[in-house]
Amino acid sequence: MPITFIHKQDLLSIKVVDPIKEGDFDEYTRNLNIIFGLQKQFYLLIDLTELEEVPYKFIIKQGLYMKRMQKYVKKWVGASSVVFRKPSTANIINLAFSIKKPVKPNLITQDLKEAIDFLTKHKESIINMD
Numbered sequence: 023m024p025i026t027f028i029h030k031q032d033l034l035s036i037k038v039v040d041p042i043k044e045g046d047f048d049e050y051t052r053n054l055n056i057i058f059g060l061q062k063q064f065y066l067l068i069d070l071t072e073l074e075e076v077p078y079k080f081i082i083k084q085g086l087y088m089k090r091m092q093k094y095v096k097k098w099v100g101a102s103s104v105v106f107r108k109p110s111t112a113n114i115i116n117l118a119f120s121i122k123k124p125v126k127p128n129l130i131t132q133d134l135k136e137a138i139d140f141l142t143k144h145k146e147s148i149i150n151m152d
């Protein structure tokens, strides 16, 4: 499968590579459902930099899935970052998020280091509140 999950402590890193096949999204959501089922807070990094083009079908399915899972996202996701290769795709997602804000802090970027720093900053702010 071209979607790799790495779950270490409270970081869930998902890397998606070409080619994405029709059944891959179902496998992807099954894996995410398992993570949500752990009922532990985590920080989500989705790395799409290996994709030449992110299929719009994937983006729409992702949005619908997250909307369906919103109560779990609110409860268990501390923050999320999505890393795209092309600015045009990142701009489309940012436009969508300007209309419907994410329920948790989110960064859309083309820079993997920036994405990781964003998650680290949010994790540290939660720790410092305790």
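The number in the working numbering is simply the position in the sequence shown, starting from 1, with 22 added.
For every residue, glycine included, the Cβ atom is placed at its ideal position computed from N, Cα and C.
*Ignore the nearest five residues each way along the sequence and tell me which others in phenylalanine 64's own chain have a CB closer than 8 Å to its CB.*
Contacts found: His29, Asp32, Leu33, Leu34, Ile57, Trp98, Val99, Gly100.
*Looking at C-alpha atoms only, which residue of Ile115, Ile68, Asp48 is the closest neighbour of lysine 135?*
Ile68
*Drop a sphere of 10 angstroms on the beta-carbon of threonine 26, count the other beta-carbons inside from all chains shown, and report buried for 16 or more, exposed for fewer.*
exposed
_Please give me, in chain order, every unbroken run of the beta strand (DSSP E) with length at least 3 that falls completely inside the stretch 76-133._
99-106, 128-131
_Per-residue DSSP class, three states only, for glutamate 136_ = Note: glutamate 136 maps to helix in three-state DSSP.
*Per DSSP, serine 35 is paired with what?*
Per the DSSP secondary-structure output, serine 35 pairs in a beta bridge with Ile28, Leu67.
*asked:* DSSP three-state label for glutamate 74, please.
replied: Assignment of glutamate 74 by DSSP, reduced to helix, strand and coil, places it in the coil class.
*For tyrosine 78, is the classification buried or exposed, using 16 other Cβ atoms within 10 angstroms of its Cβ as the cut-off for buried?*
exposed
*Counting pairs of Cβ atoms below 8 Å between the stretch 136-146 and the stretch 106-113, do you hit three or more?*
no
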